[in-house]
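Using the numbering used here, the first residue of the sequence shown is number 175, and each one after it goes up by one. Even for Gly, the Cβ is constructed at its ideal location relative to N, Cα and C. Below is one structure, written out as structure tokens; the observations come after it.
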Amino acid sequence: MKNVHYFCGTYRGKEKNEELWKEVEEYIRNTYEIEKIEKIYFQTDGGSWMKRGREIEKSKFVLDEFHLEKYKKKALYQIKEEEREKEEKQIEEWLKEKKKKKLKEWVKKRTEGEEDESGTV
């Protein structure tokens with residue numbers, strides 16, 4: 175990635191979350207020619223606090239590998255050991271082939287009703 179920029183701080187609550195995203199938008203406007211931007215990638219844990227960032231034009235969210243593995247293991251843990259390896263291979267295949275819809279359906283089916291500490295499944 176070129177020109178990576180990180181934002182960090184404590185942005186608890188709705189008002190502070192809005193403050194963060196205003197900082198992000200201001201940085202983008204002041205740093206880049208928006209019409210020349212192809213994509214803006216946000217690497218994320220999938221938490222609900224990131225939803226406001228989806229409003230930024232040309233934004234794309236990417237689940238980081240740590241959290242992808244975490245969620246994958248959580249979903250696989252509930253499967254009988256003898257079936258787990260087969261299921262894991264299927265997940266890896268969908269990831270490589272970018273079959274997001276299939277993966278979402280699989281995760282939803284196996285984690286329905288569960289939430290982690292960030293409020294995401």
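Coil, strand or helix - residue i by DSSP
i           : result
residue 254 : coil
residue 228 : helix
residue 241 : helix
residue 211 : coil
Close beta carbons around residue i, own chain, < 6 Å, minus the five adjacent residues each side
i           : result
residue 218 : 224 and 235
Straight-line gap, residue i to residue j (C-alpha atoms, nearest Å)
i           : j           : result
residue 242 : residue 228 : 19 Å
residue 258 : residue 250 : 6 Å
residue 254 : residue 198 : 44 Å
residue 332 : residue 284 : For residue 332 there is no data in the structure shown, the boundaries of the chain being 175 and 295.
residue 240 : residue 220 : 11 Å
residue 279 : residue 273 : 10 Å
residue 264 : residue 222 : 27 Å
residue 230 : residue 281 : 27 Å
Residue(s) in a DSSP beta bridge with residue i
i           : result
residue 217 : 236
Own chain, CB closer than 8 Å to residue i, minus 5 neighbours either side, in chain order
i           : result
residue 179 : 201 and 205
residue 193 : 185
Short Cβ contact (8 Å threshold) for residue i with residue j
i           : j           : result
residue 233 : residue 208 : no
Cβ-based neighbour list, residue i, same chain, cut-off 7 Å, excluding 5 preceding and 5 following
i           : result
residue 195 : 226 and 227
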